[in-house]
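Trainee: Taking my numbering as reference, the numbering of the sequence shown is continuous, increasing by one, and the terminal residue is 198.
A virtual CB, placed ideally from N, CA and C, is assigned to each residue, including glycine.
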Amino acid sequence: MNSSERYTGVAIALHWLLAVLIVGAFGVGLYMADLPNSLAKLKLYNWHKWAGVTILALSALRLAWRLTHRPPADVPAPRWQQRAAHATHHALYALFFLVPLAGWAYSSAKGFPIVWFGVLPLPDFVPKDEALAELIKPWHESLAWLMALLVVLHVAAAIKHHVIDRDGLINRMRPGR
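#1: How do the stretch 90-105 and the stretch 116-132 stand: do at least 3 beta-carbon pairs fall below 8 Å, yes or no?
#2: Relative to the alpha-carbon of PRO11, which residue among PRO99, ALA72, PHE138, LEU119 has its alpha-carbon at the smallest distance?
#3: Helix or strand or just coil, what does DSSP make of VAL31?
#4: Specify the secondary structure class of PRO121 as computed by DSSP and reduced to three states.
#5: Need the endpoints of the alpha helix (DSSP H) that ALA94 sits in, please.
#6: In terms of residue numbering, what span does the alpha helix (DSSP H) encompassing MET168 cover?
#7: Within 10 Å of its beta-carbon, does TYR270 have 16 or more other beta-carbons around it, so buried, or fewer, so exposed?
#8: Can you check whether the CB of LEU65 is closer than 8 Å to the CB of LEU35?
#9: Can you tell me where the alpha helix (DSSP H) with SER59 in it begins and where it stops?
#10: I believe GLY124 touches GLY73 by the beta-carbon criterion, under 8 Å. Please report the beta-carbon distance rounded to the nearest angstrom.
#11: Excluding five sequence neighbours on each side, which residues of the same chain lie with their C-beta closer than 8 Å to the C-beta of LEU174?
#12: Counting pairs of beta carbons, one from the stretch 131-146 and one from the stretch 164-180, are three or more of them closer than 8 Å?
#13: Pull up the distance between the alpha-carbon of ALA54 and that of GLU26, whole angstroms please.
#14: From the DSSP output, in three-state form, read off VAL147 for me.
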């Protein structure tokens with residue numbers, strides 16, 4: 022496979038780093054939600070927020086990279102599959118921003134500031150407002166579940182291309198040469 026058939030090393034690194042962070046943040050979000058109030062829960066909430074801000078920053082970098090570096094051409098596939106793949110990728114990119122921004126807005130509305138890695142205080146995204154927080158929380162959760170569903174669909178499609186189609190698609194994003 023030549024270099025024009027693969028994503029760049031930066032695109033591959035950002036893809037996998039974001040994949041790990043998103044899966045981790047989702048898992049922590051599920052786990053921490055029903056914990057009783059404790060120091061451990063507070064630590065998990067902070068980690069979840071730090072991961073969200075990191076996902077937001079890396080997503081901006083990834084989008085900028087994507088807009089300035091041409092991806093490989095689509096693999097041969099029926100038109101509906103190409104359209105579905107592009108729609109899924111566009112939706113994922115939107116959710117890379119919407120989920121953390123909704124979480125940031127929720128945290129701000131609840132009156133819990135975000136201090137990235139305990140060092141960099143971020144401004145409140147919205148003013149403190151308990152009623153607004155209760156409106157935002159289900160949006161953050163629903164958008165996160167939608168992203169999880171699309172990630173599962175994305176992985177299933179990659180496995181289908183690898184196992185059934187055997188078209189080398191998965192090698193385009195595989196780390197290494």
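Mentor: According to the structure data:
#1: no
#2: Since the displayed the chain opens at 22 and closes at 198, residue 11 lies outside it and no answer follows.
#3: For the purposes of this step, residue 31 is identified with residue 10 of the sequence shown, where counting begins at 1. In the three-state reduction of the DSSP assignment, VAL31 falls in the helix class.
#4: What you label residue 121 is simply residue 100 of the sequence shown in a count that begins at 1. Helix at PRO121.
#5: Locating residue 94 in the sequence shown gives position 73, counting from the first residue. First-last for ALA94: undefined, no H or E at that position.
#6: Taking the sequence shown and counting its residues from 1, the one referred to as residue 168 is at position 147. Run containing MET168: 151-181, per the alpha helix (DSSP H) assignment.
#7: Residue 270 lies beyond the range of the chain shown here (22 to 198); nothing can be said about it.
#8: Indexing the sequence shown from 1 puts residue 35 at position 14. Indexing the sequence shown from 1 puts residue 65 at position 44. No, the Cβ-Cβ distance between LEU35 and LEU65 is not below 8 Å.
#9: The residue you call residue 59 lines up with position 38 of the sequence shown. Where SER59 is concerned, there is no enclosing alpha helix (DSSP H), given that its DSSP letter is neither H nor E.
#10: As a first step, residue 124 must be located in the sequence shown, where it is residue number 103. As a first step, residue 73 must be located in the sequence shown, where it is residue number 52. Rounded, the Cβ-Cβ distance is 5 Å, consistent with contact.
#11: Reading the sequence shown from its first residue, position 153 is the one you call residue 174. Correct list, in chain order: THR109.
#12: no
#13: Translated into positions along the sequence shown, residue 54 becomes position 33. Translated into positions along the sequence shown, residue 26 becomes position 5. Each residue's alpha carbon lies about 42 Å from the other.
#14: Numbered from its first residue, the sequence shown carries residue 147 at position 126. Residue state, collapsed to three classes: coil.
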